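To convert, count from 1 in the sequence shown and add 325; that's the numbering used here.
Below: the structure, in structure tokens.
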Amino acid sequence: MSAQEIPAPPLLTPYKMGRFDLSHRVVLAPLTRQRSYQNVPQPHAILYYSQRTSKGGLLITEATGVSDTAQGYPDTPGIWTKEQVEAWKPIVDAVHAKGGIFFCQIWHVGRVSNTGFQPNGQAPISSSDKPLTPQLRSNGIDVAQFTTPRRLRTDEIPNIVNDFRLAARNAIAAGFDGVEIHGAHGYLIEQFMKDQVNDRTDQYGGSLENRCRFTLEIVEAIVNEIGADRVGIRLSPFATYSEAGDSNPKALGLYMVEQLNKHGILYCHMVEPRMKTVGEICQCPHSLVPMRNLFKGTFIVAGGYTREDGNSAVAGNRADLVAYGRFFLANPDLPKRFELDAPLNKYDRETFYISDPVIGYTDYPFLEGTA
């Protein structure tokens, strides 16, 4: 058989995602890199994202703050000021120049913060005033300290919804193809959705419908602002990051998908139940298949995937697309390596979150002769 006759691995087959023609199904997962000094995207991000772009490939940015109260980590980017929007433009242009499709992930960390990250040293905001116990940072060394949050008043919630809407508008102004709402991993949106955190007694607390109301108001506002065909959301119903677990994660996942269908959004990006915490894969009985089967748009999965089980997920129709984080971080040409079944560079966890604009960021090698 000649090389042309060997069928492409499932991950390397084309896929039509709404208006976007993808040439393959390997997605750059959103990855916090903490190299956006003073919350402004930097020129070194142009090379970082451009390196990871392939024609017809989908990339999702690192989590990007929607307002000055949204931050909880050093040097994460935002998209609420004119300066930030302008700084994103050359990054977006570089991805488009290579034929990539680029979505901006927008977030608010809620209580996963402290007064040092907040305007005027105020308390972080959340659905609740339940404090978060100090957490070991992802590098396994530093301990993050959190300030007891301030519970949002009912009348303040529309302002936060509006911050998300404006961030989405700004993302389109910066040239992005769409936005991914960060509704995962224990941040503000999950602090409303999950009953381990949400202890409200107003229309945003109590029942599953009430707990999901804030999220769905954000979805609706963004859909009305930029169009459903440019909106995705990331959810992790089964995860327990930052003490944000739920007593019935499957019901939460199914309810959210059912409601998202009503808004007709482009994609739903779900984190596998096996990812209980960052980087820790566990055996578990749960599956995303019921959500996959119920959702009418594009379904993206993430969480500990290898080339082999990514191919298997696509072949078995358990996902349309598969997002890769650490592998893509360390292998800028990951789709090409998957196509050739080439060996992968090993990632260096020690440099994931350092401030260096090159080391651990744009210095991972390409396959010989493909850069």
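We treat Cβ as the ideally placed atom computed from N, Cα and C, and that holds for glycine.
For clarity, every value in this text was computed on a predicted model and none was experimentally measured.
Looking at C-alpha atoms only, which residue of I497, R350 and H507 is the closest neighbour of S637? Sequence index remark: in the sequence shown, residue 637 carries index 312 (1-based). The shortest Cα separation from S637 among I497, R350 and H507 belongs to R350.
Taking the alpha carbon of I679 as the point to measure from, which residue in T357, V544 and R643 has its own alpha carbon closest? Numbered from 1 along the sequence shown, position 354 holds the residue referred to as residue 679. Measuring from the Cα of I679, the nearest candidate turns out to be T357.
Please return the same chain residues whose Cβ sits closer than 8 Å to the Cβ of I547, not counting the five positions on each side in sequence. Mapped onto the sequence shown, residue 547 falls at position 222. Excluding residues within five positions, the ones whose Cβ falls inside 8 Å are F489, R490, A493, V504, I506 and V556.
Flag this pair as yes or no: are the beta carbons of Q521 and A553 separated by less than 8 Å? Here residue 521 refers to the residue found at position 196 when the sequence shown is read from its first residue. Here residue 553 refers to the residue found at position 228 when the sequence shown is read from its first residue. No, the pair does not count as a contact, with Cβ atoms beyond the cut-off.
Is any non-hydrogen atom of the ligand ADP found closer than 7 Å to the C-beta of L619, if you look at the structure I gave you? The ligand ADP is not part of the structure shown, which contains no ligands of any sort.
Kindly indicate which three-state DSSP category W413 falls into: helix, strand or coil? Residue 413 sits at position 88 when you count from the first residue of the sequence shown. It is helical.
For T472, the first and last residue of its enclosing alpha helix (DSSP H): The residue you call residue 472 lines up with position 147 of the sequence shown. Counted as a single uninterrupted DSSP element, the stretch harbouring T472 is not any alpha helix (DSSP H), since DSSP gives it neither H nor E.
Taking the continuous alpha helix (DSSP H) assigned at I385, which residues delimit it? The residue given as residue 385 occupies position 60 in the sequence shown. Element bounds for I385: not the alpha helix (DSSP H) but the beta strand (DSSP E), L383 to I385.
Beta carbon of A648 nearer than 8 Å to that of H594: Taking the sequence shown and counting its residues from 1, one reaches residue 648 at position 323. Taking the sequence shown and counting its residues from 1, one reaches residue 594 at position 269. Result yes, Cβ atoms of A648 and H594 sit closer than 8 Å.
Does N586 come out as helix, strand or coil in the three-state DSSP assignment? If you number the sequence shown from 1, residue 586 lands on position 261. N586 falls in the helix class under three-state DSSP.
Compute the beta-carbon to beta-carbon distance between Q409 and P402, rounded to the nearest angstrom, for a pair I have assumed lies under 8 Å. Within the sequence shown, the letter at position 84 stands for residue 409. Within the sequence shown, the letter at position 77 stands for residue 402. Right, the Cβ-Cβ distance comes to about 7 Å (below 8 Å), so this counts as a contact.
Proximity winner among F345, F427, D467 and T406, relative to P399 (alpha-carbon distances): Numbered from its first residue, the sequence shown carries residue 399 at position 74. By alpha-carbon distance to P399, the top candidate from F345, F427, D467 and T406 is D467.
Where R536 and S572 are concerned, what is the direct C-alpha to C-alpha distance, given to the nearest angstrom? On the sequence shown, position 211 is the one that residue 536 refers to. On the sequence shown, position 247 is the one that residue 572 refers to. So the alpha carbons of these two residues sit roughly 13 Å apart.
For P459, collect the residues of the same chain with a Cβ closer than 6 Å to its Cβ; drop the 5 residues on either side in sequence, then sort them by chain order. By one-based count along the sequence shown, residue 459 stands at place 134. These residues qualify, in order along the chain: V468 and Q470.
Give me the DSSP bridge partner(s) of Y592. As a working note, residue 592 is residue 267 in the sequence shown. In the DSSP assignment, Y592 is bridged to G557 and T623.
Give the DSSP-derived three-state secondary structure of T389 in the structure shown. As a first step, residue 389 must be located in the sequence shown, where it is residue number 64. T389 falls in the strand class under three-state DSSP.
Is there at least one Cβ from chain C nearer than 8 Å to L356's Cβ? Looking at the structure shown, chain C is missing, and only one protein chain is on hand.
Given 8 Å, three or more beta-carbon pairs between the segment 510-529 and the segment 438-445: Contact between the segment 510-529 and the segment 438-445 is absent, because fewer than three Cβ pairs lie under 8 Å.
Mapping DSSP to helix, strand and coil, what is F442? Stepping through the sequence shown from its first residue, residue 442 is reached at position 117. Judged by DSSP in its simplified three-state form, F442 adopts helix.
Taking 7 Å as the limit between beta carbons, can you name the residues of its chain near Y340, skipping five residues before and five after? Along the sequence shown, one-based indexing puts residue 340 at 15. Cβ-Cβ distances below 7 Å link Y340 to L347, R350, D645 and L646 in the same chain, with the five nearest sequence neighbours on each side left out; the list follows chain order.
On the criterion of 16 or more Cβ atoms from any shown chain inside 10 Å, does D688 qualify as buried, or is it exposed? Counting from 1 along the sequence shown, the entry for residue 688 is found at position 363. The residue is exposed, with fewer than 16 neighbouring Cβ atoms inside 10 Å.
Where I782 falls, given that 16 or more other Cβ within 10 Å makes a residue buried: Shown here, the chain extends from 326 to 696; a query on residue 782 therefore has no answer.
Length of the line joining the Cα atoms of S392 and H433: Numbered from 1 along the sequence shown, position 67 holds the residue referred to as residue 392. Numbered from 1 along the sequence shown, position 108 holds the residue referred to as residue 433. C-alpha separation (whole angstroms): 8 Å.
Cα separation between V683 and H369? Position 358 of the sequence shown, counting from 1, holds the residue named residue 683. Position 44 of the sequence shown, counting from 1, holds the residue named residue 369. Whole-angstrom Cα-Cα distance: 8 Å.
Near M326, which residues of its chain fall below 7 Å by C-beta distance, leaving aside the five closest residues on each side in sequence? The count along the sequence shown starts at 1 and reaches residue 326 at position 1. Residue placement at M326 is poorly supported in this model, since its pLDDT is 46, which falls under 50; the coordinates still yield a value, given next. If you ignore the 5 residues before and after M326, its C-beta comes within less than 7 Å of no other C-beta in its own chain.
Once the 5 residues before and after I450 are set aside, which same chain residues still bring their CB inside 7 Å of it? Indexing the sequence shown from 1 puts residue 450 at position 125. Only T394, G435, P474, R475 and L477 meet the Cβ criterion.
Where do the ends of the alpha helix (DSSP H) carrying L353 lie? Taking the first residue of the sequence shown as position 1, residue 353 is located at position 28. Premise fails: L353 lies in the beta strand (DSSP E), V351 to L353, not in any alpha helix (DSSP H).
Where R538 and N549 are concerned, what is the direct C-alpha to C-alpha distance, given to the nearest angstrom? By one-based count along the sequence shown, residue 538 stands at place 213. By one-based count along the sequence shown, residue 549 stands at place 224. Roughly 16 Å separates the two Cα atoms.
Around the Cβ of L429, are there at least 16 other Cβ atoms within 10 angstroms (buried) or fewer (exposed)? Counting from one through the sequence shown, the residue named residue 429 turns up at place 104. It should be pointed out that residue 429 corresponds to Cys in this sequence rather than to Leu. By the neighbour-count rule (16 or more Cβ atoms within 10 Å), C429 is buried.
Length of the line joining the Cα atoms of F691 and T338: Position 366 of the sequence shown holds residue 691. Position 13 of the sequence shown holds residue 338. C-alpha separation (whole angstroms): 22 Å.
Candidates R617, E583, V582 and Q516: which alpha carbon is nearest P456's? Within the sequence shown, the letter at position 131 stands for residue 456. Checking every option, the nearest Cα to that of P456 belongs to Q516.
Classify L387 as buried or exposed, calling it buried when 16 or more other Cβ atoms lie within 10 Å of its own Cβ. Along the sequence shown, one-based indexing puts residue 387 at 62. According to the sequence provided, residue 387 is Glu. The question's Leu does not apply to it. Looking at its Cβ environment, which holds 16 or more other Cβ atoms inside 10 Å, E387 is buried.
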